[in-house]
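Residue numbers (the numbering used here): 2 to 253.
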């Protein structure tokens, strides 16, 4: 008996394609709705933000404290001749500091007074910074070994919250906040300022030792020596002051 021919392979493939398309269409409806109604991700937080009132008050309090109370600062000075590790206790109000300078494990004493930078050390210390001398006393080095004192006065003057200052946006749970003003970056913790960077000079701050006041008083009373470091980098020498003339003989 003759029967109608069955669907060809092509017809069966077409029906399968229609069925698959229908399934995808039904699945696409909720997918499209979900994509349209899902919660958009929050934009990333800006890298910086203005200070809060509490943060501005903390900056002002820290500036006042540093302007009146001694503080210890540790920093590094790198020159063509040496790398100096500088540790100093600073009194900003009197522009006086004392401490020590380390070069290649050799230590020298440091005093900053009346705008002069004084160093005192062994021949080994001086040799480590390229200066052949056995001068045992204080030498006024000026800035010929680099700017040794940390620029604390400049840093404190910029601890002033204004419309142009800002802080870095910290992640939730962060233990530090970084304040920016001009070329100053100050890292605050719950205890106060832990680090300060002025330009490319970074300093780590810590409380001054208990004998800081008496040591600063002694530094402030130091007489600036006439023995100086002279010359240019690579050819520095010590100019020793001539001996004082003898006192005139008193007449009979």
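Just so it is clear, CB atoms sit at the ideal spot from N, CA and C, and this is done for glycine as well.
Scanning 161, 200 and 226 for the CA closest to the CA of residue 58 turns up 161.
DSSP places residue 56 in the uninterrupted alpha helix (DSSP H) bounded by 54-69. Judged by DSSP in its simplified three-state form, residue 151 adopts coil rather than helix or strand.
Setting aside the 5 residues that flank it on each side, residue 113 is surrounded in the same chain by 98 and 150, each with a C-beta closer than 6 angstroms to its C-beta; the list follows chain order.
For residue 49, same chain residues with a beta-carbon under 8 angstroms away, outside a window of 5 residues either side, are 167, 168, 169, 170 and 181 in chain order. Put simply, of 43, 42, 51 and 238 the residue whose alpha carbon is nearest the alpha carbon of residue 145 is 238. Going by C-alpha positions, residue 250 is about 39 angstroms away from residue 127.
In this structure, residue 186 and residue 95 do not form a Cβ contact; the two beta carbons are roughly 26 angstroms apart against a cut-off of 8 angstroms. Listed in chain order, the non-local C-beta contacts of residue 200 below 7 angstroms within the same chain comprise 184, local neighbours out to five positions each way being set aside. Cβ-Cβ distances below 6 angstroms link residue 117 to 141 and 225 in the same chain, with the five nearest sequence neighbours on each side left out; the list follows chain order. Across the structure, residue 101 and residue 45 are spaced so that their CA atoms are roughly 46 angstroms apart. Taking the Cα of residue 202 as reference, the smallest distance to any Cα among 86, 61 and 52 is reached at 86. Boundaries of the beta strand (DSSP E) harbouring residue 186: 185-190, taken from the DSSP string. Residue 52 has its alpha-carbon roughly 13 angstroms from the corresponding atom of residue 189.
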